[in-house]
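Novice: Here it is: the structure, laid out below.
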Amino acid sequence: MDIGLGGVHERIQAIVAEYLGAKTAASAVRLAATSWVHRPPDQLRREDLPAMRRGLEPMLRTFLGAEVTAVVLQRVDQEVGT
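For the sequence shown, position 1 (counting from the first letter as 1) is numbered 1 according to our numbering, and the numbering increases by one without interruption.
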């Protein structure tokens, strides 16, 4: 089920922005969407969350470390996946 056009990417981006800032979060979401889901961020759906997690995880680990990355991805699952 979709949560509205653009809703998924905006929610993911808002969570990531709390840790990386707005511009870096926007870049990370855009890169993960185009590389892992093969569509623009504004066309993401909840069903794309597993691929988005796989795309975001290496970037987040580089900037935030493993423990914080786990927290961020758990928040994405809880706040966007439901």
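Here a beta-carbon is modelled for each residue, glycine too, at the ideal position from N, C-alpha and C.
Since we're looking at a predicted model, the values are computed, not measured.
When DSSP labels each residue in this structure, what does P41 get in the three-state scheme?
Specialist: Looking at P41 - three-state DSSP - the assignment turns out to be helix.
Novice: Just tell me which of I15, A25, A33 and L64 has its CA closest to the CA of E47.
Specialist: Checked all of I15, A25, A33 and L64; the closest Cα to E47 is A33.
Novice: If I'm right that V8 touches V80 with Cβ under 8 Å, what's the distance once you round it to whole angstroms?
Specialist: Yes, they are in contact, since the Cβ atoms of V8 and V80 sit about 6 Å apart, within 8 Å.
Novice: Using the Cα positions of G21 and I15, report the straight-line distance between them to the nearest angstrom.
Specialist: Each residue's alpha carbon lies about 10 Å from the other.
Novice: At which residues does the alpha helix (DSSP H) containing S27 begin and terminate?
Specialist: It spans A22 to A32 - the alpha helix (DSSP H) in which S27 sits, taken as one unbroken run.
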